[in-house]
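Have a look at the structure below, then the notes.
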Amino acid sequence: MKPLELLLLDCSPRRETSTSRHLTNQLLPALTRRFGRPVHVTQRHLGVRPLPAITAEYAESLVLSGDEARARYGNQLAVSDELIRELDGADVVWISTPVHNFTVPAVLKNWIDHVVRRDVTFVTTEAGKVGLLRDRPTFVAVTAGGAMFREPAIQPDFFRPYLTAVLGVIGLKDITYIPSTKLAMVDVPLAAVEEHVRRYLADAQPEA
Numbered sequence: 001m002k003p004l005e006l007l008l009l010d011c012s013p014r015r016e017t018s019t020s021r022h023l024t025n026q027l028l029p030a031l032t033r034r035f036g037r038p039v040h041v042t043q044r045h046l047g048v049r050p051l052p053a054i055t056a057e058y059a060e061s062l063v064l065s066g067d068e069a070r071a072r073y074g075n076q077l078a079v080s081d082e083l084i085r086e087l088d089g090a091d092v093v094w095i096s097t098p099v100h101n102f103t104v105p106a107v108l109k110n111w112i113d114h115v116v117r118r119d120v121t122f123v124t125t126e127a128g129k130v131g132l133l134r135d136r137p138t139f140v141a142v143t144a145g146g147a148m149f150r151e152p153a154i155q156p157d158f159f160r161p162y163l164t165a166v167l168g169v170i171g172l173k174d175i176t177y178i179p180s181t182k183l184a185m186v187d188v189p190l191a192a193v194e195e196h197v198r199r200y201l202a203d204a205q206p207e208a
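Here the UniProt record's numbering is used: the first residue of the sequence shown is 1, the next is one more, and so on.
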């Protein structure tokens, strides 16, 4: 049986104390068992090995058509091309990330800036931008120290609206957010993450 290709983007700069990585390590094996197929994971450690920042040439290429951008700046697009090939080849996308200042970490924003490309991952039409990538399940395992993602809101949430919008631009619309929050308010954050995972998996049990 052909393995399911899963792209894992790990966005935490922390090591053993990373709550988002702990959330993923607890969740991912349990959820992938439910896929019913072997899973091959390609991992990008964005938090500890950040991608290079976009260059002036790359920024210039974004205002050109795809063909003109490649003709003028082909060498400057190599990192972007590699990341887009990786993303395009994935059957499932998994983003493991903390919240930084109400939104996505800079390393995740940098990855986004490399993969959102005119005439490559989206086209501009009179009705707006249309994604060129096929939709596929995208899971976002996200942790926050504060009381995020709740009603009534206590803290601003620019994380989910932004990530939903920008991934939608390139065609990824099947997004599931799996949060573990208020971790700055507990004595043992990793244990709190494990409790959130237990509750999530219990609620997500497939019907008999």
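From the three backbone atoms N, C-alpha and C, an ideal C-beta is built for every residue, glycine too. Quick caveat: nothing in here was measured; it's all calculated off a predicted structure.
Exposure label - G89; buried when at least 16 CB within 10 Å: Looking at its Cβ environment, which holds fewer than 16 other Cβ atoms inside 10 Å, G89 is exposed.
Ordered list of alpha helix (DSSP H) runs contained in the region 65 to 134, each at least 4 residues: Those alpha helix (DSSP H) runs which fall completely within the region 65 to 134 and span 4+ residues are 66 to 73, 78 to 88, 106 to 115.
Collapsed DSSP secondary structure at S20 in the structure displayed: Annotated three-state conformation of S20 is helix, per DSSP.
At least three beta-carbon pairs within less than 8 Å, the region 52 to 68 to the region 19 to 28: Verdict: no, contact absent.
Other residues of its chain near T19: CB distance less than 6 Å, five sequence neighbours each side excluded: Within the same chain, T19 has close Cβ partners T143, L183, P189, V193.
Local conformation of A208 per DSSP, three classes: Unreliable positioning characterises A208 in this predicted model, as indicated by a pLDDT of 39, which lies under 50. The coordinate reading is nonetheless provided below. A208 carries a coil assignment under DSSP once its states are collapsed to helix, strand and coil.
Unbroken alpha helix (DSSP H) run spanning F149, endpoints: Neither: F149 is in no alpha helix (DSSP H) and is coded neither H nor E.
Through-space distance from T176 to L201, alpha-carbon basis: Going from the Cα of L201 to the Cα of T176 covers about 14 Å.
Whole-angstrom C-beta distance between V123 and Q130, which should lie under 8 Å: The question names Gln, but residue 130 in the sequence shown is Val. In this structure V130 is in contact with V123, their Cβ atoms being roughly 5 Å apart against a cut-off of 8 Å.
Cβ contact (3+ pairs, closer than 8 Å) linking the region 104 to 114 and the region 156 to 174: Counting Cβ pairs under 8 Å, three or more are found: they touch.
A30 beta carbon near the ligand ZN (any heavy atom closer than 6 Å): Absence of the ligand ZN from the depicted structure is noted, as is the absence of any ligand whatsoever, leaving it without description.
Coil, strand or helix - A191 by DSSP: Reduced to three states, the DSSP call for A191 is helix.
Separation of R37 from P13, as counted between CA atoms: Rounded to whole angstroms, P13 to R37 spans 31 Å at the Cα level.
DSSP-derived helix/strand/coil call for L172: It is coil, neither helix nor strand.
Which residues DSSP lists as bridging S61, in chain order: Looking at the DSSP output, S61 shares a beta bridge with no other residue.
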